[in-house]
Amino acid sequence: MYNYNLNNLDIQNLVNEQLNNLEPAIKKELLEAQKSLNTKTVQEDKKTVAKEKAPVVEKPAEKEKTPVVEKPAEKEKAPVVEKPVEKETTPVAEKPATPVTPTTPVTTPEVKEPVKENTEAGQVSSVIQQVVDLTNQERAKAGLKALQIDTKLTQSAQAKSQDMKDKNYFSHTSPTYGSPFDQMKSFGIMYNSAAENIAMGQRSAAEVVKAWMESPGHKANIMNPSYTHIGVGLSDSGYYWTQQFIGK
Numbered sequence: 001m002y003n004y005n006l007n008n009l010d011i012q013n014l015v016n017e018q019l020n021n022l023e024p025a026i027k028k029e030l031l032e033a034q035k036s037l038n039t040k041t042v043q044e045d046k047k048t049v050a051k052e053k054a055p056v057v058e059k060p061a062e063k064e065k066t067p068v069v070e071k072p073a074e075k076e077k078a079p080v081v082e083k084p085v086e087k088e089t090t091p092v093a094e095k096p097a098t099p100v101t102p103t104t105p106v107t108t109p110e111v112k113e114p115v116k117e118n119t120e121a122g123q124v125s126s127v128i129q130q131v132v133d134l135t136n137q138e139r140a141k142a143g144l145k146a147l148q149i150d151t152k153l154t155q156s157a158q159a160k161s162q163d164m165k166d167k168n169y170f171s172h173t174s175p176t177y178g179s180p181f182d183q184m185k186s187f188g189i190m191y192n193s194a195a196e197n198i199a200m201g202q203r204s205a206a207e208v209v210k211a212w213m214e215s216p217g218h219k220a221n222i223m224n225p226s227y228t229h230i231g232v233g234l235s236d237s238g239y240y241w242t243q244q245f246i247g248k
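172 is the number that the UniProt record's numbering gives to position 172 of the sequence shown; each next residue is one higher, with no gaps.
See the structure below:
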């Protein structure tokens, strides 16, 4: 019995040895069997090669990107609005004070009205008298007593109006007389209560009284029931008006 635990070379040598002793027909069959064996071996070798892993090509690593730092958004700037230049105006009224109050001047043609004479109105001009009359008309509508013209108070109010015109200012405080109350005292006026209204630019008694009545502070002085006497002043030009009130 043959030992078939041989390698291919041993098998080949054995086959060749035996072929020489066989008949031609048997020899042919053995040659075909040998050929088949060689073919199978080659095919197995090819399969072995096929089983080898295909070469692996790694995906190239992407180039590392440089980290991008976004520029921080700038804080939105608040819109800047320029302060408008205030239009320079001629002072026409002061903020009403207690008990001193001014008014807003209005420019209108001068209108003269009839003068009602009074026991103390001898030295008062017709326009000044109109201011007194119109002031008392407003008081009468509220059931208040009429204000009496006081000569010294009229002189004080007239001096104040002329001083504003001559010194070119518009204020309750005079560079000449000081406060209205200091001025009244300098004119020898005694009072229990006092107040002042001033105005500039109105060209008639009607206009200036109307302007005063349309201002709460000035109106309060005109309608104050504690006042008993009035003095009115008007500058010789420029239309500086003064009302001074006292309660005796």
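Glycine included, each C-beta is placed from N, C-alpha and C at the ideal position.
Item                                                                                                                                                                            : Value
Taking only runs of the beta strand (DSSP E) that begin and end inside the UniProt domain "SCP" (132 to 245), which ones reach a length of at least 3 residues, in chain order? : 193 to 200 and 229 to 234
Output yes or no for whether 8 Å exceeds the beta carbon distance between residue 223 and residue 144.                                                                          : yes
With distance defined between alpha-carbon atoms, name the residue in 154, 199 and 203 nearest to residue 213.                                                                  : 199
To the nearest angstrom, report how far apart residue 232 and residue 211 are at their CA atoms.                                                                                : 15 Å
Taking Cβ to Cβ, would you say residue 147 is nearer than 8 Å to residue 228?                                                                                                   : yes
Could you tell me how far apart the beta carbons of residue 156 and residue 189 are, in whole angstroms, since I believe they sit closer than 8 Å?                              : 6 Å
Which residue wins for smallest C-alpha separation from residue 196, given the options 206, 125 and 247?                                                                        : 247
Whole angstroms is fine: what's the gap from residue 245's alpha carbon to residue 179's?                                                                                       : 14 Å
So, under 8 Å CB-CB, residue 234 and residue 128 are touching, yes? Tell me the CB distance rounded to an integer number of Å.                                                  : 6 Å
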